[in-house]
Structures are given as structure tokens and as C-alpha cells.
């Protein structure tokens, strides 16, 4: 089956930049989602990458390399409110386009 | 405001009891999903529905049942056959089951005592 791997935890300092990596198996791959989830709340959509390259959206950017099975989420000018879990999810073909979620990366931003 | 709602936020049940979790959306989405989230694990798909009156098992359907009698509603029943039902349950919807963004409800935290 398809596995989505991402680091379990990361820490960073307010105002800094952090990169959260995600790797996946390329078989049947369609695209890559990133969601943000604060503790006990619903995941909220951040980005969707289909093509190779970097897509920037304000302080958040997401990168995809289809051939390498690799994506990252880049968070700039970190704020305390960015402390959350970041979920990487791959869309794969097969019956319907199912999403496979990684376990999430818990980011702690410190002053 | 369009959105997806789940109720209740917290639910407690005794072991051996069936319990039904509510999920309603007014986004006019065809597809709806139920996920389970456990600490240290990714969201795991329980059931999904691509259209009214149709639903399919996900990866961990055993011990769960669903219905999709209306486009807006996709309730999940956790039966006594589910061996470890205590978890955070998330409902989601999307325009279709293509590579479309899924919108999530606020979740229901079920604790079985």
C-alpha cells in the first residue's frame, strides 16, 4: 500500500523558518495535500500540489517533486499560533481518488 | 455560512452500547467520509460515500456502519463489535471523490468506558 512518512515532532523559534518534509510512494500518485490541525480541532486545508515545483501562499509554501516522491511545507516568519500538527496527505488512484494521510508533524513554536 | 457540522463534540458510552455520530453538511457536496484519528497515527478511512444511497468500506470498516439517505447527512454508528472504539472521529466532505479538497467537521471525541 501507499505510505506517507513525515517527522513526528519539530520545534522552532518565533520568527524563524521551518521546513516539514513528507515522502510517499509514487505508484498511483495524483497529488499532495497539506493540512493544519490544532489540537482537538478539524484539519484545515493549506495547499494542494499536482505539478513539480514550489507554490507560495503568504507565509506558507509547498513544494513537490513527483519523481522523487517528496514534498515539503515551508513556514516563514513563524508565529506562536503556528504551533499545530501538519498533516501530509497523498491522493492516489484506485477505485476512487483516496487520500492517504501521514501521522502528522507536531510543530512547537517557542518565543 | 456553508460548512460541515458534527455533534456532539464529546460523547461517553458504556462498553457494549451502540452509538451514532452525526455529520451534516450544507456545502452541496456529493462525497462524504468518516475518518478515525488516534494518537501517533494518521487519519484512517472508515467509510466513504460518493453519492446518496451509496457507500463503500474504507480501510477500517469493521465494527462500524453508515447510511446515506440524504445528500446532507452521513451518520456513523459505532457498534459493540468495534474492539477499540475510543478515538477522535472526523467527518469530511468534498465536491467529488476526485483529487478534491476535503472539508472537515470539528470532530467528535468518543470515549467508551
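Residue numbers (my numbering), protein chains in the order written: chain A, 1 to 111; chain B, 1 to 113. Ideal Cβ positions, reconstructed from N, Cα and C, are used throughout, including at glycine.
For this session: Examine chain B for any beta-carbon lying closer than 7 Å to the beta-carbon of residue 102(A), and answer yes or no.
Result: Taking the first residue of the first chain as 1, we reach residue 102(A) at position 102. Chain B, which has a Cβ nearer than 7 Å to the Cβ of residue 102(A), makes this yes.
Exercise. Can residue 90(B) and residue 48(B) be called in contact, C-beta distance under 7 Å?
Worked result: By 1-based counting over the second chain, the position of residue 90(B) is 90. By 1-based counting over the second chain, the position of residue 48(B) is 48. No, the Cβ-Cβ distance between residue 90(B) and residue 48(B) is not below 7 Å.
Problem set entry | Given residue 23(B) as reference, the closest of 16(B), 17(B), 31(B) once Cα atoms are compared | Position 23 of the second chain, counted from the start, is the residue given in the question as residue 23(B). With distances taken between Cα atoms, residue 23(B) lies closest to 31(B).
Problem set entry | Residue range of the beta strand (DSSP E) that includes residue 150(A) | Outside the displayed range of chain A (1 to 111) lies residue 150(A), so it cannot be described from this structure.
Exercise. So is residue 7(A) in contact with chain B if we call contact Cβ pairs under 7 Å?
Worked result: The residue you call residue 7(A) lines up with position 7 of the first chain. No, its Cβ sits nowhere closer than 7 Å to a Cβ of chain B.
Problem set entry | Minimum C-alpha distance to residue 5(B) - residue among 101(B), 97(B), 93(B) | The residue labelled residue 5(B) in the question sits at position 5 within the second chain. Checking every option, the nearest Cα to that of residue 5(B) belongs to 93(B).
Exercise. Would residue 2(B) count as contacting chain A if we go by Cβ distances under 7 Å?
Worked result: What you label residue 2(B) is simply residue 2 of the second chain in a count that begins at 1. Closer than 7 Å: no.
Problem set entry | Cβ neighbour criterion (16 or more within 10 Å) applied to residue 114(A) | No answer is possible for residue 114(A): it lies beyond the span of chain A, which begins at 1 and ends at 111.
For this session: Using a cut-off of 8 Å between C-beta atoms, extract the partners of residue 41(B) located in chain A.
Result: Position 41 of the second chain, counting from 1, holds the residue named residue 41(B). In chain order: 103.
Problem set entry | Cα-Cα separation, residue 20(A) to residue 78(A) | If you number the first chain from 1, residue 20(A) lands on position 20. If you number the first chain from 1, residue 78(A) lands on position 78. Roughly 13 Å separates the two Cα atoms.
Exercise. Candidates 98(A), 88(A), 102(A): which alpha carbon is nearest residue 33(A)'s?
Worked result: Stepping through the first chain from its first residue, residue 33(A) is reached at position 33. Closest option to residue 33(A), Cα to Cα, is 88(A).
For this session: Alpha carbon to alpha carbon, how far is residue 54(A) from residue 110(A)? Give it in angstroms, no decimals.
Result: Here the question's residue 110(A) lines up with position 110 in the first chain. Here the question's residue 54(A) lines up with position 54 in the first chain. Spanning the two alpha carbons is a distance of roughly 27 Å.
Exercise. Can you name the residues of chain B whose CB is closer than 9 Å to the CB of residue 17(A)?
Worked result: Within the first chain, the letter at position 17 stands for residue 17(A). Within 9 Å Cβ-Cβ: nothing; residue 17(A) doesn't reach chain B, min ~25 Å.
Exercise. Among 107(B), 43(B), 55(B), 16(B), which has the Cα closest to the Cα of residue 102(A)?
Worked result: Counting from one through the first chain, the residue named residue 102(A) turns up at place 102. If we check each option's Cα against that of residue 102(A), 43(B) comes out closest.
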